[in-house]
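A.B. asks:
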Amino acid sequence: METKRTRFAHLADCHLGSWRQEELQKLNFRSFQKIIDTCIQEQVEFILISGDLFDSAYPPIEILKDSFAEFKKVKDANIPVYLIAGSHDFSASGKTFLDVLEKAGFCKNVENSTIQENGKIKLKPYMHDNIAIYGYPGKKSGMEIEDLSKVYFSEIHPFTIFMVHTAIRAAIGTVPMESIEKQKLPLANYYAMGHVHKRFEDHIANSRYVYPGPTFPNNFQELSDLKYGSFQLVETDGANIQTKNIEIPLKEVASIEIEINNGLTATREIISHLDKLVLRDKIVLLKLKGILLEGKTGDIRFNEIEDFIKKKDAYVFLKNISSIKIPDLDLGMMSSTENFQEIEKRKSKEFLGKNPHNFNRYHQQLMDALSIEKNEDEKAVIYEERLLSELKTILEIEEIL
Ligand SMILES: [Mn+2]
């Protein structure tokens, strides 16, 4: 029997509002914009956003303004947007800007779950014609993984999409990251996934598991690995699925790796290396490695290097010195590429292991909630209320007196 062909777009990890450097914040948004434009040109039937649309649950007004303009374009083109929250735009109290977008009629959050008496979690689909779209949000610190093993679908449909913001083991390999075996997820035709920032596709029988990659790389490493943002175009006749990953090249990335051993002469060495390269309009990633036998990283004159790169008309310059090792007295040869959140998380886990007190299991969640900063123009009372409501939800407290 001939069924209607459906073409849809699958995006994830847009992180709108991320990046400190203005140039990269701009590129991040332009990449999202380009994807939206492509979806409209390609006349896709709907757009899926599998979490982390925003970089935080309370994005800055400027970002919201620009994002709403994009969603307005999509709405005017009559293309529905289905989404779930991710680990970044999730909030324990359930208050996020995704609700604002939804109330404005710009998207549909497809999460619809109820906890059953036996502890299982029943999901109900959102129906797009005869396609059933289920969704379960990502939470902070992989808290959703335990939930996902209890999740089941309320109904069976000929074509099912499951939107999840979680790492599956097959996609992350040996990376130390909370993950779930893909076989543990309820059976769907297309798993529209997010959270793992890389392009990945896998299948079992007729089921496809897809991470489209972030709509723009989110840090130094991702810029160097992925170079560009991307999304997935998917086409199905109800039985067969064809998918295509589409990259959005906006600016060329120049990854430069230089080994140094002397902090005192490093500046000159680096500049003479850079002098041979064409950097015009490129994203310049400078990674330094090596063991410093003389001098310190503080001896490297990065201002001078940056000025030099600017003179060569680079678009933006990022440096990474986490692979420089220093022969250290107490720690041995040590350096870590772990960022402070990872260290914090690891320490928190170790602490919980040694102190399995009931209260301590809230530790990581509380840390996450307390790390939410007050927005620039937000009134203290509103901020307090927002924070308290997060804390109450985490601690499962009805009312704080
Ligand atoms: Mn993400």
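Every number in my numbering is 1 more than the matching position in the sequence shown, counting from 1.
Positions of the beta carbon are idealized from the N, C-alpha and C atoms, including for glycine.
Computed from a predicted structure; not experimentally measured.
Cutting at 8 Å between CB atoms, please list the residues of its own chain near G299, excluding the five before and the five after it.
C.D. replies: Same-chain partners within the cutoff: G264.
A.B. asks: Would DSSP call D89 helix, strand or coil?
C.D. replies: Residue identity differs from the one stated: residue 89 is His in this sequence, not Asp. The answer is coil: DSSP assigns H89 none of H, G, I, E or B.
A.B. asks: Tell me whether H198, by its Cβ, gets closer than 7 Å to a heavy atom of ligand 1.
C.D. replies: At least one heavy atom of ligand 1 is nearer than 7 Å to the Cβ of H198, so yes.
A.B. asks: Report the residue from I249, L293, V82 whose alpha carbon sits nearest the alpha carbon of V45.
C.D. replies: Of I249, L293, V82, the residue nearest in Cα terms is V82.
A.B. asks: Can you round the beta-carbon distance between R347 and D314 to whole angstroms, since I take them to be within the 8 Å contact cut?
C.D. replies: Wrong, their Cβ atoms sit about 41 Å apart, outside the cutoff.
A.B. asks: Quick check: what's the CA-CA separation for E345 versus I325?
C.D. replies: Cα to Cα, E345 sits roughly 22 Å from I325.
A.B. asks: So, with DSSP's three-state summary, where would you put Y59?
C.D. replies: The answer is coil: DSSP assigns Y59 none of H, G, I, E or B.
A.B. asks: Rounded to whole angstroms, what's the CA-CA distance from A35 to L319? Just pull it up for me.
C.D. replies: What sits at residue 35 in the sequence shown is Lys, not Ala. Distance between the alpha carbons of K35 and L319: 24 Å.
A.B. asks: Whole angstroms is fine: what's the gap from I41's alpha carbon to V111's?
C.D. replies: Approximately 21 Å between the Cα atoms of the pair.
A.B. asks: Mapping the DSSP letters down to three states, classify V75 as helix, strand or coil.
C.D. replies: Correct three-state label for V75: helix.
A.B. asks: Excluding the five sequence neighbours on either side, which residues of its own chain have a C-beta within less than 7 Å of the C-beta of L353, listed in chain order?
C.D. replies: Once the five neighbours on either side are set aside, the close Cβ partners of L353 are N361, R362, H364.
A.B. asks: On the three-state DSSP scale, how would you describe S68?
C.D. replies: S68 falls in the helix class under three-state DSSP.
A.B. asks: Report the rounded CA-to-CA distance for W20 versus N119, giving the unit in angstroms.
C.D. replies: W20 and N119: Cα-Cα distance of roughly 43 Å.
A.B. asks: Whole angstroms is fine: what's the gap from G214's alpha carbon to I122's?
C.D. replies: So the alpha carbons of these two residues sit roughly 28 Å apart.
A.B. asks: So, for I272: in the same chain, excluding its five sequence neighbours on each side, which residues have a beta-carbon less than 8 Å away from its beta-carbon?
C.D. replies: The answer, listed in chain order, is E305, I306, F309.
A.B. asks: When you compare the stretch 123–133 with the stretch 97–105, are there three or more beta-carbon pairs, one atom per stretch, that lie closer than 8 Å?
C.D. replies: At 8 Å Cβ cutoff, the stretches do not touch.
A.B. asks: In this structure, how does DSSP classify K297 when only helix, strand and coil are distinguished?
C.D. replies: Three-state DSSP puts K297 in coil, outside helix and strand.
A.B. asks: Return the residue from the list N79, I242, I181, L25 that minimises the CA-CA distance to F160.
C.D. replies: For F160, the nearest C-alpha among the options comes from I242.
A.B. asks: Name the two residues that bound the continuous beta strand (DSSP E) containing A381.
C.D. replies: Looking at the DSSP string, A381 is not in any beta strand (DSSP E); the run it does join, the alpha helix (DSSP H), is 381–396.
A.B. asks: Once DSSP output is grouped into helix, strand and coil, what is the label at D226?
C.D. replies: If DSSP states are grouped into helix, strand and coil, D226 belongs with the helices.
A.B. asks: Over the uninterrupted beta strand (DSSP E) stretch that includes Q243, give me the two end residues.
C.D. replies: Looking at the DSSP string, the run of the beta strand (DSSP E) that includes Q243 is 242–249.
A.B. asks: For A26, which residues from the same chain have a beta carbon less than 8 Å from its beta carbon, with the 5 sequence-adjacent residues on both sides left out?
C.D. replies: Per the sequence shown, residue 26 should be read as Gln rather than Ala. For Q26, where only same-chain residues beyond five positions count, the Cβ hits under 8 Å are G18, S19, W20.
A.B. asks: Taking the alpha-carbon positions, what's the E260 to E23 distance?
C.D. replies: C-alpha separation (whole angstroms): 29 Å.
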